[in-house]
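Here the sequence shown is numbered in my numbering, starting from 4 and rising by one per residue. Each remark here refers to the structure printed beneath this line.
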Amino acid sequence: MDKRTFVKSVLLGVAGIYATSLAVKASRNSKRWDGVFRVSELPYPADSLEPFADAETIKLHLQHHESYTRNLNSAVVAAGLSGKTAHELMRMSSEFPKEIRHYSGGYVNHKLYWRILTPDKGSKPTKELFSAIERDFGTFDAFTEEFGRAAHSVCGSGWVWLIADKSGTLKVTSTCDHDNPMMDIAEVRGFPLMCLDVWEHAYRIRSKGKLSDHVNAFWNVVNWDVVSRRYQSASKLNFIV
Ligand code: MN
């Protein structure tokens, strides 16, 4: 290879690497979040969660979620917080206007809620999650009982959670309004594995406003595959909240 050919091939090589890095950058950019919060489509038909929730409840509930999301987008712009992720907004919720706390929770909590529900019967916690539940609650039944008690302890409207705290310990906790255990203002903080909406709009129709029916029906529609995956990713992240 003479000098000119050598220089040419080196330049071509460099250009190739540059072009590849630009392409990678471009594909990253196209996936980059544009700062607008959106509600994803339900991963199952609205009428498939009976008797936990009827189609009308689910459709109305989705409208609530859309409205929290629209309001979050406006509140973020008004507060000069554009570009912050929902988790960033929650982690510093004490420093932001109360609208941000309310709407970021309304947006994130419902997003998780739709994902941890499923019409497919028969999903079970992985061995790893099941052992952690037995380790921290004694038995699986003791866990569901504590979850039910927490649902009844919510003052007014709120949510019940299974969380993994910083040390990896599983806990049941509840929050008022749309607070989330990842918020810095939460009394009990942790990474949410699953949640149950105990606002009355979630069960007014099908359970006729009877909370215990709502909680009992919940156990038939939990997507344990998603909950178990969340436990696994939390353990990989060392349960950082
Ligand atoms: Mn709700």
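Quick reminder that beta carbons are idealized off the backbone N, C-alpha and C, glycines included. Keep in mind the model is a prediction, meaning the values are calculated, not measured.
Touch test, the segment 56-68 against the segment 194-209, Cβ-Cβ under 8 Å, three pairs minimum: Contact between the segment 56-68 and the segment 194-209 is present, because at least three Cβ pairs lie under 8 Å.
Ile166, DSSP secondary structure in three states: Three-state result, Ile166: strand.
Bounding residues of the beta strand (DSSP E) (the contiguous stretch that carries Ser177): 173-179
Inter-residue Cα distance where the pair is Ala153 and Ser215: Here the alpha carbons of Ser215 and Ala153 stand approximately 11 Å from one another.
For His181, the nearest candidate out of Thr172, His204, Arg104 (CA to CA): Arg104
Beta-carbon proximity list for Val111, same chain, < 7 Å, skipping 5 on both sides: Ala89, Met93, Asn183
Start and end residues, beta strand (DSSP E) containing Gly196: Note that residue 196 corresponds to Leu in the displayed sequence, not to Gly. Start and end: 194-200.
Residues near Ala82 in its chain [Cβ-Cβ closer than 7 Å; skip 5 each side]: Closer than 7 Å at the Cβ level, and outside the excluded window around Ala82, lie Phe99, Pro100, Ile103.
Cβ neighbour criterion (16 or more within 10 Å) applied to Ser77: exposed
Best match in Leu199, Val218, His217, His204 for proximity to Val230 [C-alpha to C-alpha]: Out of Leu199, Val218, His217, His204, Leu199 has the C-alpha closest to the C-alpha of Val230.
Rounded C-alpha distance that separates Lys174 from Lys127: 19 Å
Close beta carbons around Asp139, own chain, < 6 Å, minus the five adjacent residues each side: Thr172, Leu173, listed in sequence order.
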